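J.: Dropping a structure here in structure tokens format, bear with me for questions.
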Amino acid sequence: TSRGPSSEEFYRARAHSNPLSDSHFPIPISPSHVDLSLHFPKASFKKIEFADIGCGFGGLLISLATLFPETLMIGMELRDKETEYVKELILALRKTSSGGGEYENISVVRTNSMKYVPNYFEKGQLSKMFFLFPDPHFKEKNHRRRVISVDLLDEYAYVLGGGGVVYTITDVEELGEWMRSCLERHPMFEALTQEELDSDPVVELLCNATEEGQKVARNGGQTFKAVSRRIAYVS
Ligand code: SAM
Numbered sequence: 310t311s312r313g314p315s316s317e318e319f320y321r322a323r324a325h326s327n328p329l330s331d332s333h334f335p336i337p338i339s340p341s342h343v344d345l346s347l348h349f350p351k352a353s354f355k356k357i358e359f360a361d362i363g364c365g366f367g368g369l370l371i372s373l374a375t376l377f378p379e380t381l382m383i384g385m386e387l388r389d390k391e392t393e394y395v396k397e398l399i400l401a402l403r404k405t406s407s408g409g410g411e412y413e414n415i416s417v418v419r420t421n422s423m424k425y426v427p428n429y430f431e432k433g434q435l436s437k438m439f440f441l442f443p444d445p446h447f448k449e450k451n452h453r454r455r456v457i458s459v460d461l462l463d464e465y466a467y468v469l470g471g472g473g474v475v476y477t478i479t480d481v482e483e484l485g486e487w488m489r490s491c492l493e494r495h496p497m498f499e500a501l502t503q504e505e506l507d508s509d510p511v512v513e514l515l516c517n518a519t520e521e522g523q524k525v526a527r528n529g530g531q532t533f534k535a536v537s538r539r540i541a542y543v544s
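Taken in order, the sequence shown gives residues 310 to 544; the numbers are from UniProt numbering.
Here it is as structure tokens:
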């Protein structure tokens, strides 16, 4: 059968062609070492609030940039080619932005999010984290490589503020179940209600803003979302 480029074969082939090592990119030793002026030279806002984990070619960031013009957001991407592409794209969009000042609120960093999220963000700093069409890692022995797990949700709960939202979507049903189940089992997260999902303008971007989402839509593929809120801190 031909399920198109989001098939299991496609993901598997890519997993095997990914011999990346962390030693090639610099890592801030703490969030206070993240140089915002390099990422957002013209923005006056002081902290990053959204993180797009495994941002790929950056379609979500581009859509969010104008939807939330006063929010700083960053894509975290392991692959060099994608990261460079997103950097160039953002620079080009900044130059051509009609009124000036658009796209100054988005940036990208090459990093391994599974290891370094706490190096980039302080406790409670983020209000949204995105995991759009993450790599499925089908084999059970590779499940530990999935970017959503109960253990990693501890870290995400740490960097998200109370009420902050984790958005996940995939075209791989088994991974969708996995992400939903991790979020359900984690004591610091609760699923958004259908009403909340319907009134959140970001939810519709999950299926169609990214390159992977557009591929799935073109192939008529099904998608599986799980969206949960970081339960507020008890003071
Ligand atoms: N979110 C994008 C989209 O929807 O088009 C890209 C989806 S693509 C299937 C998964 C992306 O996650 C790839 O670009 C991959 O390099 C990136 N990725 C995988 N593991 C990662 C990690 N540990 N840290 C950062 N990025 C990672």
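Yeah, the Cβ is synthetic: ideal placement off N, Cα and C, and Gly gets one too.
Quick caveat, the model's predicted, so the values are computed rather than measured.
Quick one, which of P340, E520 and N528 has its alpha-carbon nearest Y429's?
T.: Here residue 429 corresponds to residue number 120 of the sequence shown, with the count starting at 1. When each option's Cα is compared against that of Y429, the closest is P340.
J.: Using the DSSP secondary-structure output, state which residues sit across from residue 567 in a beta bridge.
T.: Any question about residue 567 goes unanswered here, given that the chain covers just 310 to 544.
J.: Do the CB positions of E505 and S436 come within less than 8 Å of each other?
T.: Here residue 505 refers to the residue found at position 196 of the sequence shown. Here residue 436 refers to the residue found at position 127 of the sequence shown. The answer is no: Cβ separation not under 8 Å.
J.: For residue 550, name the three-state secondary structure that DSSP assigns.
T.: Lying before the first or after the last residue shown, residue 550 is absent from the chain, which here runs from 310 to 544.
J.: Looking at C-beta atoms only, is the number of pairs between the stretch 453-467 and the stretch 366-373 that lie closer than 8 Å three or more?
T.: Verdict: no, contact absent.
J.: Roughly how far, in whole angstroms, is the beta-carbon of V475 from the beta-carbon of L492, given that I think they are within contact range, below 8 Å?
T.: The sequence position of residue 475 within the sequence shown is 166, counting from 1. The sequence position of residue 492 within the sequence shown is 183, counting from 1. Rounded, the Cβ-Cβ distance is 7 Å, consistent with contact.
J.: Is Y542 helix, strand or coil by DSSP?
T.: The residue labelled residue 542 in the question sits at position 233 within the sequence shown. Reduced to three states, the DSSP call for Y542 is coil.
J.: Going by other Cβ atoms of all chains shown within 10 Å of its Cβ, with 16 needed for buried, is I338 buried or exposed?
T.: As a first step, residue 338 is located in the sequence shown; it is residue number 29 there, counting from the start. Burial call: exposed.
J.: Please return the same chain residues whose Cβ sits closer than 6 Å to the Cβ of L402, not counting the five positions on each side in sequence.
T.: On the sequence shown, residue 402 is found 93 positions in, with the first residue counted as 1. If we look at L402 and ignore the five residues flanking it on each side, its Cβ neighbours are Y412.
J.: What does the Cβ neighbour count give for S466, buried or exposed, with the cut at 16 atoms within 10 Å?
T.: As a first step, residue 466 is located in the sequence shown; it is residue number 157 there, counting from the start. The displayed chain sequence assigns Ala, not Ser, to residue 466. Buried, by the Cβ-count rule.
J.: Would you say the beta carbon of L387 comes nearer than 7 Å to a heavy atom of the ligand SAM?
T.: The residue labelled residue 387 in the question sits at position 78 within the sequence shown. Answer for L387: yes, Cβ within range of the ligand SAM.
J.: Can you tell me whether N327 is buried or exposed, with buried defined as 16 or more other CB within 10 angstroms of its CB?
T.: As a working note, residue 327 is residue 18 in the sequence shown. Low confidence applies here, because N327 scores a pLDDT of 41, under 50, leaving its location unreliable and the question unanswered by this model.
J.: Quick check for students: name the residue ranges of the beta strand (DSSP E) that lie wholly in the stretch 457-490, counting only runs of 3 or more.
T.: Here the runs fully enclosed are 469-479.
J.: Could you compute how far the alpha carbon of F440 sits from the alpha carbon of P335?
T.: Locating residue 440 in the sequence shown gives position 131, where the first residue counts as 1. Locating residue 335 in the sequence shown gives position 26, where the first residue counts as 1. For F440 and P335, the distance between alpha carbons rounds to 23 Å.
J.: Does DSSP put residue 290 in a helix, a strand or coil?
T.: Residue 290 falls outside the range modelled here, since the chain spans only 310 to 544, and no answer is possible.
J.: Give me the DSSP bridge partner(s) of V536.
T.: Indexing the sequence shown from 1 puts residue 536 at position 227. DSSP output for V536 lists Y476 as bridge partner(s).
J.: Give the secondary structure of S372 by DSSP, where H, G and I count as helix, E and B as strand, and everything else as coil.
T.: Within the sequence shown, numbered from 1, the residue matching residue 372 stands at position 63. In the structure shown, S372 sits in a helix (DSSP, three-state: H, G or I).
J.: Would you call the stretch 408-422 in contact with the stretch 479-489, where contact means no fewer than 3 C-beta pairs closer than 8 Å?
T.: In short, these stretches do not touch, since the Cβ pair count stays below three.
J.: Does the Cβ of D480 lie closer than 7 Å to at least one heavy atom of the ligand SAM?
T.: On the sequence shown, position 171 is the one that residue 480 refers to. No - the ligand SAM has no heavy atom lying nearer than 7 Å to the Cβ of D480.
J.: Could you check whether I383 and S416 sit closer than 8 Å to each other, using their CB atoms as the reference points?
T.: Position 107 of the sequence shown holds residue 416. Position 74 of the sequence shown holds residue 383. Yes, the pair counts as a contact, with Cβ atoms nearer than the cut-off.
J.: Considering only heavy atoms of the ligand SAM, does any lie closer than 7 Å to the CB of P443?
T.: Counting from one through the sequence shown, the residue named residue 443 turns up at place 134. True, at least one ligand heavy atom lies under 7 Å from that Cβ.
J.: Does the beta-carbon distance from V468 to A500 come in below 8 Å?
T.: Here residue 468 refers to the residue found at position 159 of the sequence shown. Here residue 500 refers to the residue found at position 191 of the sequence shown. For V468 and A500, no; Cβs fall outside 8 Å.
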